[in-house]
Ligand code: CAA
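Residue numbers (the working numbering): 45 to 285.
Rendered as structure tokens:
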């Protein structure tokens, strides 16, 4: 069955790999992006996956965006909340703006998107929602009070909604990646990456976006109907809980 899926931040990094994996699984995918028109256009040309520009931190934009995807492709059956940003700073230097930007995108963005597909999923008695959290929402991280708070919040959000969605055929899960080989890593100074982070990863390397995408494809499949409220960690053994 060809299901309709939205992947936020779906034209780059982990999101692009998720968009491709869902397409391979037979879904019709809409990939959203916030800013990089060039990358999005190139992604559409290469994959045939439609891209849509809106900011997940803006509730009204999410509402309009979901309505547009529904008009173009049909009712949304799968939502992957992948869009996320970092604004790292030690807490004594973190500004209220750095706090708000990360909370607005990485936590409220998940509310904004999920809220706008939820009613339709309840009515149709089917839905798959996967939110990309992070190892750093599970264990905390130096210079990421904002990001760790948002990503931990995504896990609590998921556990609550899993209970509400269960009777309506909607599963709600989290994938918590460790350090993955994407552009987001470029903000980490080389010294920190080589001397602090890499030595903490037992498999001895960063993960690849496709390794996260496969986990998402599984959780969004029709066969995963008994898995809900779970957090699937994919972190190379860096954090076991
Ligand atoms: N763990 C431990 N120590 C760290 C660290 C980390 N992850 N990151 C920085 N530090 C240390 C630095 O080595 C430095 O120590 P020294 O002074 O002894 O050399 C000190 O913290 C930096 O302190 P400053 O007050 O000078 O910091 P700054 O204002 O210059 O900010 C920084 C620098 C923003 C913290 C920068 O070092 C940085 O970006 N660090 C990486 C933080 C990090 O790991 N973020 C995770 C990003 S990956 C991600 O978010 C994706 C995901 O989900 C996994």
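Glycine included, every Cβ here is placed at the ideal spot set by N, Cα and C.
Check your understanding: Going by DSSP, what residues sit across from residue 215 in a beta bridge?
Key -> 172
Point to revise | One or two residues paired with residue 125 in a DSSP bridge | key: 175
Practice item. Specify, as a first and last residue, the run of the alpha helix (DSSP H) that residue 259 falls within. Key: 253-263
Practice item. Would you mind working out which of 186, 76 and 73 sits nearest residue 135, comparing C-alpha positions? Key: 186
**Study point:** Proximity of residue 76 and residue 96 at Cβ, strictly below 8 Å
**Key:** yes
Check your understanding: Can the beta-carbon of residue 218 be found closer than 8 Å to that of residue 275?
Key -> yes
**Study point:** Any non-hydrogen atom of the ligand CAA within 7 Å of residue 222 CB
**Key:** yes
Check your understanding: Quick one: is residue 54 buried, meaning 16 or more other Cβ sit within 10 Å of its Cβ, or exposed?
Key -> buried
Practice item. Compare the C-alpha of residue 199 against each of 221, 213 and 211 and name the closest. Key: 221
Check your understanding: What's the gap between the Cα of residue 248 and the Cα of residue 282?
Key -> 10 Å
Check your understanding: Is any heavy atom of the ligand CAA found at a distance shorter than 7 Å from the C-beta of residue 133?
Key -> yes
Practice item. Give a single yes or no on whether residue 178 has its beta carbon closer than 7 Å to a heavy atom of the ligand CAA. Key: yes
Review point. For residue 112, is the beta carbon positioned less than 7 Å from some heavy atom of the ligand CAA?
Key: no
Review point. For the alpha helix (DSSP H) that residue 107 lies in, which residues bound it at each end?
Key: 103-117
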